[in-house]
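See below for the structure under consideration.
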Amino acid sequence: MNKKDVKNFTLEEFKKELEKISEPPYRAEQIFSWIYKKGAYDFSAMNNLPKSLKDTLAQYYYIGAIKPLKRLKSIDQTEKFLFELGDGNLIEAVLIYAGRRITLCISTQAGCKFACSFCASGMNGFKRDLSVSEILSQILSIEHILNPKITNFVFMGMGEPLDNYDNVSKAIKIMNSKKAMAIAARRITVSTSGIIPGIEKFKKLGLQVNLSISLHAANNELRDRLMSVN
527 MNKKDVKNFT
537 LEEFKKELEK
547 ISEPPYRAEQ
557 IFSWIYKKGA
567 YDFSAMNNLP
577 KSLKDTLAQY
587 YYIGAIKPLK
597 RLKSIDQTEK
607 FLFELGDGNL
617 IEAVLIYAGR
627 RITLCISTQA
637 GCKFACSFCA
647 SGMNGFKRDL
657 SVSEILSQIL
667 SIEHILNPKI
677 TNFVFMGMGE
687 PLDNYDNVSK
697 AIKIMNSKKA
707 MAIAARRITV
717 STSGIIPGIE
727 KFKKLGLQVN
737 LSISLHAANN
747 ELRDRLMSVN
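In our numbering, each residue carries its 1-based index in the sequence shown increased by 526.
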């Protein structure tokens with residue numbers, strides 16, 4: 527049996543998952559609170575759940591994690607974190623300090639297809655999209671390591687966020703959900719090299735998330751189209 531990663535589900539999706547195993551949907555909120563507010567990585571730690579439910583959850587689901595490999599700190603206090611994914615691929619996340627603002631730069635892909643001249647992400651080619659869980663795990667892992675009060679989140683690490691639109695948009699919904707991370711949409715920025723279908727879908731997402739479009743990656747025709755949808 528292939529177990530499913532809980533962190534790949536939104537709250538509403540996980541409520542439906544629990545219905546499949548004859549559990550009341552309110553349990554999903556308890557489980558999400560343990561994962562996203564208390565940092566639990568094991569169902570056994572969820573002490574307000576009955577043992578029978580914890581055993582059932584462990585049978586069908588797991589709580590995904592990524593492995594911290596290296597942490598580097600520069601003289602300006604910027605910190606870079608290297609993570610290993612379950613299949614051996616490597617990604618990075620960066621913590622940037624600027625006065626009272628602490629910004630976490632999140633990766634969305636292992637490698638990148640677009641190889642923009644100003645970005646190193648595509649130098650070794652494209653490996654794959656990150657899952658919702660792998661995107662969220664960067665936040666949870668760094669919060670667990672440092673316990674910093676991260677004030678802002680930017681999707682500007684490895685990869686093109688809007689080339690992985692479905693997983694990135696779902697991750698943002700979980701970040702923004704009051705039952706999960708409760709991160710205000712205005713504190714989240716998505717940076718794109720100009721994926722127009724993704725931009726158009728993103729603007730219909732219904733969240734007041736910031737969208738940063740890099741015109742460095744665009745030719746004149748594309749710049750005109752980008753400005754018309756920004």
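By construction, the Cβ of each residue, glycine as well, lies at the ideal position given by its N, Cα and C atoms.
* Do V694 and T634 have their CB atoms nearer than 7 Å? -> yes
* Asked: What does C638 pair with, by DSSP beta-bridge criteria?
  -> Bridge partners of C638: none, in fact.
* **Residue of I668, K727, K730 minimising C-alpha distance to R597** => I668
* **Range covered by the alpha helix (DSSP H) that runs through R553** => 552 to 558
* To do: Determine contact between the segment 693 to 709 and the segment 617 to 626, defined as no fewer than three beta-carbon pairs at a distance below 8 Å.
  => no
* To do: Starting from the C-beta of M490, find all residues in its chain whose C-beta is less than 6 Å away, skip the five residues before and the five after it, and write them out in chain order.
  => Examination of residue 490 is not possible in this model, given that the chain is present from 527 through 756 alone.
* Would you mind reading off the limits of the beta strand (DSSP E) that contains I617? => 616 to 624
* Selected residue, minimal CA-CA separation from D689, among F652, Q664, S663, I714 -> F652
* To do: Mind checking which residues open and close the beta strand (DSSP E) that includes F540?
  => First-last for F540: 537 to 546, but that is the alpha helix (DSSP H), not the beta strand (DSSP E).
* **Pair within 7 Å by beta-carbon distance, I676 and I628** => yes
* Determine the DSSP secondary structure at P723, reduced to helix, strand or coil. => helix
* Count the other CB atoms within 10 Å of the CB of Q664; is the residue buried (16 or more) or exposed (fewer)? -> buried
* C-beta atoms of M682 and S717 nearer than 7 Å -> yes
* When the Cα atoms are used, what is the spatial distance from S719 to I661? -> 19 Å
* **Cα-Cα separation, E747 to L608** => With a pLDDT of 47 at E747, under the threshold of 50, the modelled position of this residue cannot be trusted, and the question is left open.
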